[in-house]
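Letter by letter, the sequence shown follows residues 10 to 193 of my numbering.
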Amino acid sequence: MLDFYYSTMRGGKSTALLQRRHNLLSIGKRVLVLTSALDDRFEVGKVTSRMGPQCDAQVFHRETVFAMSAAFVNIDEVMIDEAQFLTSDQVQQIHQNLCAGQDLRVSCFGLRSTFQGRPFEGAAWLLALADALHEISTLCGCGSKATLNQRVDGSGMPVRQGPELEIGGDTRYRPVCPKCFYEA
Ligand SMILES: [Zn+2]
C-alpha cells in the first residue's frame, strides 16, 4: 500500500510523520524512516519538526534504487520524508517492487508544488500512483486554505524566479492560497 501525505511548506508534514511513527512504534510495529539527502535544513539524516521531536533517518539520493533488499526485511512500514525529491523512476520502483511486490506499506510525506506553482517530479508521480492521498491542511495569512508555497526574500517580498531548490531553509517560504499567490 502506497500512501501520500501532502502539505505546503511549514504545513506540518514532518510533524505528521513523527506522530505516525510514534503511533506505530507504540503498537510494536517496525518502522524505517528515510529522508532526502537534499534536505539539509537541520542535519542530513534527520526528520525534525518545529514542534520539537525528531528522529534519525537514512538518506536517499537521486541514484538510490528502491528494490527489495536487506534494509526492508522485518520492516512493517517505510516512511519517506521530503518525498517530492523522489524521481519518477523511484516512485515507480517503490510502487512496483516494495508495495505490490513485497506487500510493504510505504507512507510518503512531501510537497506538491514548487515556489513557482509547478509540480515536483516525485509529487506528480505519487499523486498518480498512491493508493490513498491525505491532505495535511494549513492556512494562508488571509484565512483561506493554503495550497501553494511562496518563496520570499530576506525582507519578506515574494520571489518568482530562481532555482527550484534554495538553500536557506523554510523561513524563505510561506504557505499561501491561490489568490494571494497570484496577486503577489
Ligand atoms: Zn490567501
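Virtual Cβ for every residue (Gly too), placed ideally from N, Cα, C.
Since this is a predicted model, take the numbers as computed values, not measurements.
Between Leu120 and the set Asp112, Leu113 and Glu130, the nearest pair of CA atoms involves Glu130. Closer than 7 Å to some heavy atom of ligand 1: that does not describe the Cβ of Ser16.
For Arg29, the enclosing alpha helix (DSSP H) covers residues Lys22 to Ser35. Counting only the Cα atoms, Glu192 lies some 36 Å from His70. When only Cα atoms are considered, Cys64 and Ser23 end up about 10 Å apart.
For ligand 1, no non-hydrogen atom lies closer than 7 Å to the CB of Ser146.
Contact between the region 38-49 and the region 76-89 is present, with at least three C-beta pairs closer than 8 Å.
Taking C-beta separations shorter than 6 Å and ignoring five residues to either side along the sequence, the partners of Asp140 in its chain run Met10 and Leu11, following chain order. Distance from the CA atom of Arg30 to the CA atom of Cys189, rounded to whole angstroms, is 34 Å. Ligand 1 approaches Gly150 closely enough that one of its heavy atoms is under 7 Å from the residue's Cβ.
Beta-bridge partners of Asn83 (DSSP): none assigned. For Val185, the shortest C-beta to heavy atom distance toward ligand 1 is below 7 Å. Assigned with DSSP and collapsed to three states, Ser116 falls in strand. Secondary structure within the region 133-169: the beta strand (DSSP E) runs of 3 or more consecutive residues, fully enclosed, are 141-144 and 157-161 (chain order). The DSSP-derived three-state label of Arg121 is coil.
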